[in-house]
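Shown next, in structure tokens, is the structure this report addresses.
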Amino acid sequence: MKAYTYKEKKDTRSGFGSGLLELGHKNPDVVGLCADLTGSLKMNDFQDEFPDRFFQIGIAEANMMGVAAGLATGGKIPYTGTFANFSTGRVYDQIRQSIAYSHKNVKICASHAGITLGEDGATHQILEDIGMMRMLPNMTVIVPCDYNQTRAATLAIADHRGPVYLRFGRPKVPNFTAPDQDFIIGKAVVMNQGSDVSIFATGHLVWEAVEAGQALASKGISAEIINIHTIKPLDENQVIQSVRKTACAVTAEEHQVYGGLGDAISQTVARHQPVPVELVGVNDRFGESGKPDELMKKFGLSSDNIVDAALRAIGRKHA
Amino acid sequence: MTDTGKLKKIATQVRRDILRMVFEARSWHPGGPLGATELLTALYFRVLKHDPRNFTMEGEGEDLFFLSNGHLSAGWYSVLARSGYFSTEELSTFRRIDSRLQGHPATEEGLPGVRVASGSLGQGLSVACGAALAKKLNGDDRLIYCLMGDGEQQEGQVWEAAMFAAGRKIDNLIGIIDYNGQQIDGAVNDVMPLGDLKAKWEAFGWRVLEMEGNNMEAVLDGLEQARSLCMKEEPVMILMHTEMGYGVDFMMGTHEWHGKPPNEEQFERAISNFEETLGDY
Chain A
27 MKAYTYKEKK
37 DTRSGFGSGL
47 LELGHKNPDV
57 VGLCADLTGS
67 LKMNDFQDEF
77 PDRFFQIGIA
87 EANMMGVAAG
97 LATGGKIPYT
107 GTFANFSTGR
117 VYDQIRQSIA
127 YSHKNVKICA
137 SHAGITLGED
147 GATHQILEDI
157 GMMRMLPNMT
167 VIVPCDYNQT
177 RAATLAIADH
187 RGPVYLRFGR
197 PKVPNFTAPD
207 QDFIIGKAVV
217 MNQGSDVSIF
227 ATGHLVWEAV
237 EAGQALASKG
247 ISAEIINIHT
257 IKPLDENQVI
267 QSVRKTACAV
277 TAEEHQVYGG
287 LGDAISQTVA
297 RHQPVPVELV
307 GVNDRFGESG
317 KPDELMKKFG
327 LSSDNIVDAA
337 LRAIGRKHA
Chain B
-5 MTDTGKLKKI
5 ATQVRRDILR
15 MVFEARSWHP
25 GGPLGATELL
35 TALYFRVLKH
45 DPRNFTMEGE
55 GEDLFFLSNG
65 HLSAGWYSVL
75 ARSGYFSTEE
85 LSTFRRIDSR
95 LQGHPATEEG
105 LPGVRVASGS
115 LGQGLSVACG
125 AALAKKLNGD
135 DRLIYCLMGD
145 GEQQEGQVWE
155 AAMFAAGRKI
165 DNLIGIIDYN
175 GQQIDGAVND
185 VMPLGDLKAK
195 WEAFGWRVLE
205 MEGNNMEAVL
215 DGLEQARSLC
225 MKEEPVMILM
235 HTEMGYGVDF
245 MMGTHEWHGK
255 PPNEEQFERA
265 ISNFEETLGD
275 Y
């Protein structure tokens, strides 16, 4: 079993900011748009370096999505930045008509997703965004797991022609994937091979899944840990191949169990290789104020919860 | 350059097209496009610098037009076809299955001339702002035009775009409001009064012109004046006063024909107002 370690914790949004700055140098068509959250999205460096290619929109997210669609029409590659809540639900119809249906090459970059936004509470802690974006035809949905992967994803989506939803978060979390990784959209990453249970995790939950894998190993259980950084298009082959071997699955995400990764995996498994699936996620409730790690515990999104879910899934195999 | 007499003939044919398309589809909005026919004709056959037979999404070196009030699709499709973006025969597929001429304009089926889907109101001006910024980034000095409805002014996003365009000095942009005073549920002033629309746009920092929209000479003059005001650090808005259903006696002066097709008898009566000038599709 491969052991994962990290030297430091870093926020995924800073991975986005770093990737965007590099992209600015590499690709003159990349432009940035932000709705009054430049510092929160870590877009300052891009703004300072490329002032002519950065557009401060103000607190007007609907307009931002339309302006991005127009810039894309003129051949630009717009990266919009605001919180995940204001990147999706607030502007769903604008994204649907002007971007997704219109095939616009817009990258919707969404920070502060999920309950780890923390103390601000449920108004800002969106837990439905993956579902909303996944339902849109033409939309690619990416949820990287740490700083390095968010940076790699930010660079990779510039080379993909079409609308993308890129979701990341606020808190500092373990930075454990390789800095020079090759980010392939739609290609799941097998973190550890295993034979007793498949654990599919996305975003901040990938690290929790890795830790759960170690805890399970100490109980003599071999868990296959798979990082689903691209939720749409889902790497169905990898999912099917894994559950064919393990015969049960766990999904883990910082999102409602409705609409997100759990739904995506369940659909694929039900269609192609029916096995028991246990879903670790938020169960049909809103978030609340608190420290990120307190909330992850309270909402049942820690490695312990993944371990419990894995044991339940394994127990259902021969039930 | 198409002379004004010829433009009027084209406009007459466009109105025939609108009535035939809406009648044959047995549904849709005839009133709006009939009111905006002079504008659409003037743009596509005189004002726009464009290349209908070599359509590209980016439209580099071309003037671009965005139709925000997508329910005027019948009129737009007619001028697109007749100016050469696609065959006029295709107009007969309007709103039918497997057609590129969707009820509301879309890019999904690859219809030349359309650069963004529209119909869910209030979004077009934002897109036009982005397209105008792209022109500036690309060093392209052509202009962006965007038509909106007056009822559409009730959408909040319009005012986000209004603020943005003025705040960012987007001066290669001409907005046009089809000010016919009617929307689906009735007179705009009854459904939700717009107040002093001119003062509102001026307060947002736009240069505002008024124009008689059902008079070809007035439309050409108004568009010329608007163009002369571009590149002066202000976006330009034209309040275009039109009559919904213009040219069809029984369709004017009411909101009734905003979203309703004529029956056969009404269609015959309506189309008799317009002679066939360029040949029906």
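Residue numbers (my numbering), protein chains in the order written: chain A, 27 to 345; chain B, -5 to 275. A virtual CB, placed ideally from N, CA and C, is assigned to each residue, including glycine.
Should Q303(B) go down as buried or exposed, given a rule of 16 or more other Cβ atoms within 10 Å for buried?
Nothing can be reported for residue 303(B), as the shown portion of chain B is limited to -5 through 275.
Measuring CB to CB, does P256(B) end up less than 8 Å from W22(B)?
Reading the second sequence from its first residue, position 262 is the one you call residue 256(B). Reading the second sequence from its first residue, position 28 is the one you call residue 22(B). Against a cut-off of 8 Å, the Cβ pair of W22(B) and P256(B) comes out as no contact.
Closest by C-alpha distance to N209(B), when choosing among L1(B), T(-4)(B) and A19(B):
In the second sequence, residue 209(B) corresponds to position 215, counting from 1. Minimum Cα distance to N209(B) is reached at L1(B).
Against chain B, does A227(A) count as a neighbour if the rule is that its beta carbon must be under 8 Å from one of theirs?
Residue 227(A) sits at position 201 when you count from the first residue of the first sequence. Not closer than 8 Å to any Cβ of chain B, the Cβ of A227(A) fails to qualify, so no.
Can you find a C-beta in chain A that's less than 8 Å from the C-beta of M51(B)?
Indexing the second sequence from 1 puts residue 51(B) at position 57. Chain A contact via Cβ: present.
Can you name the residues of chain B whose CB is closer than 8 Å to the CB of F76(A)?
As a working note, residue 76(A) is residue 50 in the first sequence. Residues of chain B passing the Cβ test: none, with the nearest at roughly 11 Å.
Chain-ordered residues of the segment 171 to 193 of chain A with a beta carbon less than 7 Å from chain E:
Looking at the structure shown, chain E is missing, and the protein chains on hand are A and B.
Taking the CB atoms as reference points, tell me whether N89(A) and S120(B) lie closer together than 8 Å.
Numbered from 1 along the first sequence, position 63 holds the residue referred to as residue 89(A). Numbered from 1 along the second sequence, position 126 holds the residue referred to as residue 120(B). A contact, by the Cβ cut-off of 8 Å.
Using the three-state DSSP reduction, which class does I178(B) fall into: helix, strand or coil?
Start at 1 with the first residue of the second sequence, and residue 178(B) comes out as number 184. Looking at I178(B) - three-state DSSP - the assignment turns out to be coil, as it is neither helix nor strand.
Give the residues of chain A in contact with C123(B), contact being defined as C-beta atoms less than 8 Å apart.
Translated into the one-based positions of the second sequence, residue 123(B) becomes position 129. Those within 8 Å of C123(B) in chain A are N89, G92, V93 and G96.
With a threshold of 8 Å, are at least 3 pairs of Cβ atoms found where one atom belongs to the segment 169 to 186 of chain A and the other to the segment 38 to 50 of chain A?
Segment contact: the segment 169 to 186 of chain A against the segment 38 to 50 of chain A, three or more CB-CB distances shorter than 8 Å; contact assigned.
Quick check on K163(B) - is its C-beta less than 8 Å from some C-beta in chain A?
Reading the second sequence from its first residue, position 169 is the one you call residue 163(B). Not one beta carbon of chain A lies nearer than 8 Å to the beta carbon of K163(B).
Between the segment 112 to 137 of chain A and chain B, which residues of the former have a C-beta closer than 7 Å to a C-beta of the latter?
Residues D119, Q120, Q123, S124, Y127, S128 and H129.
Please confirm if V339(A) has its CB atom under 8 Å from at least one CB of chain B.
Within the first sequence, the letter at position 313 stands for residue 339(A). A small correction: the amino acid at residue 339(A) is Ala; Val does not occupy that position in the sequence shown. Using a CB distance cut-off of 8 Å, A339(A) does not count as an interface residue toward chain B.
For F209(A), which residues in chain B fall below 8 Å Cβ to Cβ?
The residue you call residue 209(A) lines up with position 183 of the first sequence. Under the 8 Å cutoff, chain B gives no residues; its nearest Cβ is about 27 Å from F209(A).
Between which residues of its own chain and K317(A) is the CB-CB distance below 8 Å, once the five residues before and five after are set aside?
Here residue 317(A) refers to the residue found at position 291 of the first sequence. Here the set comprises G144 and E145.
Is it buried or exposed for T17(A), if we count other Cβ within 10 angstroms and need 16 for buried?
Only positions 27 to 345 of chain A appear in this structure, which leaves residue 17(A) out of reach.
Would G78(B) pass as a contact of M238(B) if the rule is Cβ separation under 8 Å?
For this step, residue 78(B) is matched to residue 84 along the second sequence. For this step, residue 238(B) is matched to residue 244 along the second sequence. In this structure, M238(B) does not lie closer than 8 Å to G78(B) by Cβ.
Using a Cβ-Cβ cut-off of less than 7 Å, list which residues of the segment 323 to 339 of chain A approach chain B; keep chain order.
Contact residues of the segment 323 to 339 of chain A toward chain B are absent (C-beta to C-beta distance below 7 Å).
Any residues in the segment 90 to 110 of chain B with a beta carbon nearer than 7 Å to a beta carbon of chain A? Which ones, in chain order?
Cβ contacts with chain A: A100, T101, E102, R109 and V110.
How is A178(A) classed by DSSP in three states: helix, strand or coil?
For the purposes of this step, residue 178(A) is identified with residue 152 of the first sequence, where counting begins at 1. Here A178(A) sits in helix by DSSP.
Taking three-plus beta-carbon pairs below 8 Å as touching, is the segment 58 to 71 of chain B in contact with the segment 9 to 16 of chain B?
Short answer: they touch.
Out of curiosity, what's the CA-to-CA distance linking L214(B) and L33(B)?
Taking the second sequence and counting its residues from 1, one reaches residue 214(B) at position 220. Taking the second sequence and counting its residues from 1, one reaches residue 33(B) at position 39. Their backbone Cα atoms lie some 8 Å apart in a straight line.
Endpoints, the beta strand (DSSP E) within which K258(A) is located
The residue given as residue 258(A) occupies position 232 in the first sequence. Run containing K258(A): T256 to K258, per the beta strand (DSSP E) assignment.
Quick one, are the C-beta atoms of T272(A) and V223(A) less than 8 Å apart?
Taking the first sequence and counting its residues from 1, one reaches residue 272(A) at position 246. Taking the first sequence and counting its residues from 1, one reaches residue 223(A) at position 197. Going by beta carbons, T272(A) and V223(A) fall inside the 8 Å limit.
Can you tell me where the alpha helix (DSSP H) holding S44(A) begins and where it ends?
What you label residue 44(A) is simply residue 18 of the first sequence in a count that begins at 1. DSSP places S44(A) in the uninterrupted alpha helix (DSSP H) bounded by T38 to K52.
Output the boundary residues of the beta strand (DSSP E) element that contains K198(A).
Here the question's residue 198(A) lines up with position 172 in the first sequence. For K198(A), the enclosing beta strand (DSSP E) begins and ends at K198 to P200.
How would you write the range of the alpha helix (DSSP H) that S67(B) sits in, first residue to last?
Translated into positions along the second sequence, residue 67(B) becomes position 73. Counting along the chain, the alpha helix (DSSP H) containing S67(B) begins and ends at S67 to R76.
Quick one: does S67(B) have its CB under 8 Å from some CB of chain A?
As a first step, residue 67(B) is located in the second sequence; it is residue number 73 there, counting from the start. Taking a beta-carbon distance threshold of 8 Å, S67(B) does not count as an interface residue toward chain A.
Report the three-state DSSP secondary structure of K35(A) (helix, strand or coil).
Here residue 35(A) is taken as the residue at index 9 of the first sequence, counted from 1. The answer is strand: DSSP assigns K35(A) an E or B state.
Residues of chain B with CB under 7 Å from K102(A), in chain order?
Counted from its first residue, the first sequence places residue 102(A) at position 76. By Cβ distance, chain B contributes A128 and L131.
Using a Cβ cut-off of 8 Å, pull out every chain B residue sitting near I83(A), in sequence order please.
The sequence position of residue 83(A) within the first sequence is 57, counting from 1. Within chain B, the residues near I83(A) are F158.
DSSP state of G362(A) mapped onto helix, strand, coil:
Summary: the structure shown does not reach residue 362(A), with chain A confined to residues 27 through 345, and so no result is reported for it.
As an exercise, report each continuous alpha helix (DSSP H) stretch of at least 4 residues that is fully enclosed by the segment 268 to 325 of chain A, in chain order.
Segments of the alpha helix (DSSP H) lying fully in the segment 268 to 325 of chain A: 287 to 298 and 318 to 324.
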